[in-house]
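Each remark here refers to the structure printed beneath this line.
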Amino acid sequence: MGRFTLPRDIYHGSGSLAELKNLKGTKAFLVVGGGSMKRFGFLDKAVDLLKEAGMEVELFENVEPDPSVDTVMRGAEAMGVFQPDWIISMGGGSPIDAAKAMWAFYEYPDTTFEDLITPFNFPQLRTKARFCAIPSTSGTATEVTAFSVITDYKKGIKYPLADFNITPDIAIVDPELAETMPAKLVAHTGMDAMTHAIEAYVSTLHCDYTDPLALHAIKMVHENLKKSYDGEKEAKANMHNAQCLAGMAFSNALLGIVHSMAHKTGAAYSGGHIVHGCANAMYLPRVIQFNAKEAEAAHRYADIARLMGLVGDTEAELIEALVKEIKAMNQLLSIPDSIKEYEGGIIDEAEFLEKLSLVAELAIGDACTGSNPRIPTQEEMEKLLKACYYGEDINF
Numbered sequence: 000m001g002r003f004t005l006p007r008d009i010y011h012g013s014g015s016l017a018e019l020k021n022l023k024g025t026k027a028f029l030v031v032g033g034g035s036m037k038r039f040g041f042l043d044k045a046v047d048l049l050k051e052a053g054m055e056v057e058l059f060e061n062v063e064p065d066p067s068v069d070t071v072m073r074g075a076e077a078m079g080v081f082q083p084d085w086i087i088s089m090g091g092g093s094p095i096d097a098a099k100a101m102w103a104f105y106e107y108p109d110t111t112f113e114d115l116i117t118p119f120n121f122p123q124l125r126t127k128a129r130f131c132a133i134p135s136t137s138g139t140a141t142e143v144t145a146f147s148v149i150t151d152y153k154k155g156i157k158y159p160l161a162d163f164n165i166t167p168d169i170a171i172v173d174p175e176l177a178e179t180m181p182a183k184l185v186a187h188t189g190m191d192a193m194t195h196a197i198e199a200y201v202s203t204l205h206c207d208y209t210d211p212l213a214l215h216a217i218k219m220v221h222e223n224l225k226k227s228y229d230g231e232k233e234a235k236a237n238m239h240n241a242q243c244l245a246g247m248a249f250s251n252a253l254l255g256i257v258h259s260m261a262h263k264t265g266a267a268y269s270g271g272h273i274v275h276g277c278a279n280a281m282y283l284p285r286v287i288q289f290n291a292k293e294a295e296a297a298h299r300y301a302d303i304a305r306l307m308g309l310v311g312d313t314e315a316e317l318i319e320a321l322v323k324e325i326k327a328m329n330q331l332l333s334i335p336d337s338i339k340e341y342e343g344g345i346i347d348e349a350e351f352l353e354k355l356s357l358v359a360e361l362a363i364g365d366a367c368t369g370s371n372p373r374i375p376t377q378e379e380m381e382k383l384l385k386a387c388y389y390g391e392d393i394n395f
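Per numbering that gives the first Met the number 0, the very first residue in the sequence shown carries number 0; after that it's consecutive.
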């Protein structure tokens with residue numbers, strides 16, 4: 000038996016933020032990030048709309064990129080004092096992910112973070128509040144997914160929390176909020192969306208419900224991401240829809256080891272964080288080469304290549320063309336080809352090699368690994384990570 004879960008309602012299109020005025024409730028707890036929503040006037044607009052709906056509003060601001068366990072616990076404590084019946088989160092993936100985790104601790108104050116790390120182990124939510132997510136970036140699709148990524152900085156590990164309970168009740172996908180993204184963020188979030196769609200399509204849990212969403216998202220990202228990066232307004236709106244479709248696919252088909260590796264390398268090194276979408280973009284071509292040794296995955300990667308209009312007489316040639324196309328997209332988006340090149344070389348080679356064994360072990364144990372079409376051994380994961388560091392192709 001399969002399961003396919005989405006928000007009850009998805010409002011989309013320019014101006015759809017206005018749907019906030021139709022929410023029914025008494026208190027709204029609004030979680031936002033570092034200030035872009037305030038600078039561009041969207042935060043004030045959301046507050047006014049919620050007040051128009053008759054709600055008292057409390058703000059929780061300045062959720063950091065890659066939100067921490069500490070931020071989640073502070074937010075949950077504030078929710079406990081305010082007692083909202085609506086949790087609203089607006090911004091990039093970070094504030095929405097943080098708010099999802101806060102939600103669990105708000106409704107179940109005695110639960111522990113360790114309890115939630117186990118995939119699909121959340122308690123039953125909606126005993127106190129419902130959840131509305133409003134994305135301002137075009138990549139994570141957390142507004143429609145059963146996932147939240149929270150970082151334990153003391154351990155240097157990103158944890159992907161997974162449970163259908165944290166799928167929002169309402170998603171508002173308004174492209175006006177995404178029009179202000181800087182080009183670098185467009186690139187990183189766009190390749191995050193591409194990775195979501197490709198991994199969902201080759202996942203061992205793909206199905207007839209997820210495949211069409213994944214394929215259409217791939218097509219839309221391929222056609223619109225560079226135009227969006229260059230500032231074309233219509234392409235930005237198309238990307239906002241494409242990332243949401245990719246989210247619907249991967250929330251139900253799950254992901255693969257591109258994400259496992261991105262989760263476990265993101266906060267592992269003292270030189271700095273590897274931005275999630277950029278990590279996915281760098282790792283994706285190598286993981287395609289690795290997974291293509293499995294026959295069903297190879298067949299599906301060839302499907303993707305054909306959808307993109309790439310040419311090849313055999314599956315192997317189509318897969319080679321797909322890898323080249325992903326690398327070419329990265330180059331056009333000013334995304335480096337390797338961890339060694341990332342941000343001018345901030346990830347120290349000696350530290351990378353010193354931590355290689357542990358990071359590989361953690362990546363294999365990541366929640367996303369189980370649905371990857373080919374499960375790597377410890378040795379294979381270490382070789383994969385080294386190839387991503389040095390920019391090498393995979394032939395094993």
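Where is the CB? At the ideal position from N, CA and C, for every residue including glycine. Only a predicted model underlies this, so the values are computations on that prediction, with no experimental measurement involved.
Chain D contact for residue i (CB, 8 Å cutoff)
i: serine 67; result: The question asks about chain D, but that chain is absent: this structure has only one protein chain.
Enclosing alpha helix (DSSP H) for residue i [first to last residue]
i: isoleucine 325; result: 314–331
i: valine 358; result: 348–363
i: isoleucine 116; result: 112–116
i: methionine 193; result: 182–201
i: glutamate 379; result: 377–389
CA-to-CA distance, residue j to residue i, given in whole angstroms
i: aspartate 173; j: proline 335; result: 30 Å
i: valine 201; j: alanine 216; result: 14 Å
i: proline 159; j: proline 64; result: 15 Å
i: histidine 422; j: tyrosine 152; result: The structure shown has nothing for residue 422, since the chain only spans 0 to 395.
i: leucine 244; j: leucine 212; result: 6 Å
i: glutamate 55; j: leucine 48; result: 11 Å
i: glutamate 314; j: histidine 298; result: 7 Å
i: methionine 0; j: alanine 196; result: 22 Å
i: isoleucine 346; j: alanine 267; result: 10 Å
i: leucine 19; j: valine 274; result: 31 Å
i: lysine 293; j: glycine 34; result: For the sequence presented, residue 293 should be read as glutamate rather than lysine. So the two alpha carbons sit approximately 45 Å from each other.
i: serine 250; j: glutamate 175; result: 24 Å
i: phenylalanine 39; j: methionine 247; result: 28 Å
i: serine 15; j: glutamate 233; result: 16 Å
i: tyrosine 300; j: serine 147; result: 27 Å
i: glutamate 178; j: alanine 236; result: 8 Å
i: threonine 25; j: methionine 238; result: 34 Å
i: alanine 145; j: methionine 380; result: 26 Å
i: aspartate 43; j: isoleucine 149; result: 27 Å
i: valine 80; j: leucine 124; result: 18 Å
i: leucine 58; j: phenylalanine 41; result: 13 Å
i: lysine 183; j: tyrosine 228; result: 8 Å
i: glutamine 413; j: glycine 369; result: The requested residue 413 does not occur in the structure, where the chain is confined to residues 0 to 395.
i: glutamate 76; j: leucine 357; result: 33 Å
i: valine 399; j: threonine 139; result: The requested residue 399 does not occur in the structure, where the chain is confined to residues 0 to 395.
i: proline 118; j: glycine 230; result: 38 Å
Contacting residues, own chain, Cβ-Cβ under 8 Å from residue i (five flanking each side not counted)
i: proline 94; result: Val30, Val31, Gly32, Val62, Pro66 and Ser88
i: isoleucine 86; result: Ala27, Phe28, Val30, Met78, Ala98, Met101, Trp102, Tyr105, Ala128, Arg129, Phe130 and Cys131
i: lysine 218; result: Leu306 and Met307
i: asparagine 120; result: Asp114 and Asp162
i: aspartate 8; result: Asp168, Ile169 and Ala170
Cut-off 7 Å between Cβ atoms - residues of its own chain near residue i, not counting five sequence neighbours on either side
i: proline 284; result: Val322, Ile325 and Lys326
i: tyrosine 282; result: Val257, Met260, Ala261 and Cys387
i: serine 337; result: Met281, Cys387, Tyr388, Tyr389 and Gly390
i: proline 6; result: Val143, Thr166, Pro167, Asp168, Ile169 and Ala170
i: leucine 361; result: Ile156 and Lys263
Residues near residue i by beta carbon distance below 6 Å, same chain, minus five either side
i: methionine 193; result: Val220
i: asparagine 329; result: Ala280
i: alanine 320; result: Ala304, Leu309 and Gly311
i: leucine 331; result: Lys225
i: isoleucine 363; result: Met380
i: isoleucine 116; result: Tyr158
i: isoleucine 393; result: Arg285, Gln288, Phe289 and Ala386
i: threonine 126; result: Glu106
i: threonine 4; result: Phe163 and Thr166
Residue i - containing beta strand (DSSP E), residue span
i: leucine 160; result: 156–161
i: isoleucine 9; result: 8–11
i: alanine 170; result: 169–172
Whole-number beta carbon distance between residue j and residue i, since they are thought to touch under 8 Å
i: glycine 271; j: glutamate 348; result: Going by Cβ atoms, the distance from glycine 271 to glutamate 348 rounds to 14 Å, so no, they are not a contact pair.
i: methionine 190; j: glycine 276; result: 5 Å
i: threonine 188; j: alanine 252; result: Not quite, the Cβ-Cβ distance comes to about 20 Å (not below 8 Å), so this is no contact.
i: alanine 241; j: alanine 366; result: Contact flag wrong, Cβ pair sits at about 24 Å.
i: serine 135; j: methionine 36; result: 6 Å
i: leucine 355; j: leucine 384; result: 6 Å
i: alanine 45; j: asparagine 21; result: That pair is no contact at about 13 Å.
Curious, which full-length beta strand (DSSP E) runs of at least 3 residues does the stretch 213–298 contain? Those beta strand (DSSP E) runs which fall completely within the stretch 213–298 and span 3+ residues do not exist here.
Suppose only complete runs of 4+ residues qualify. What are the alpha helix (DSSP H) ranges in the stretch 15–96, listed by chain order? Whole alpha helix (DSSP H) segments, 4+ residues: 35–38, 41–51 and 68–81.
Every unbroken beta strand (DSSP E) inside the stretch 121–150 [3 residues or more]: With a minimum length of 3 residues, the continuous beta strand (DSSP E) runs that stay inside the stretch 121–150 are 129–134.
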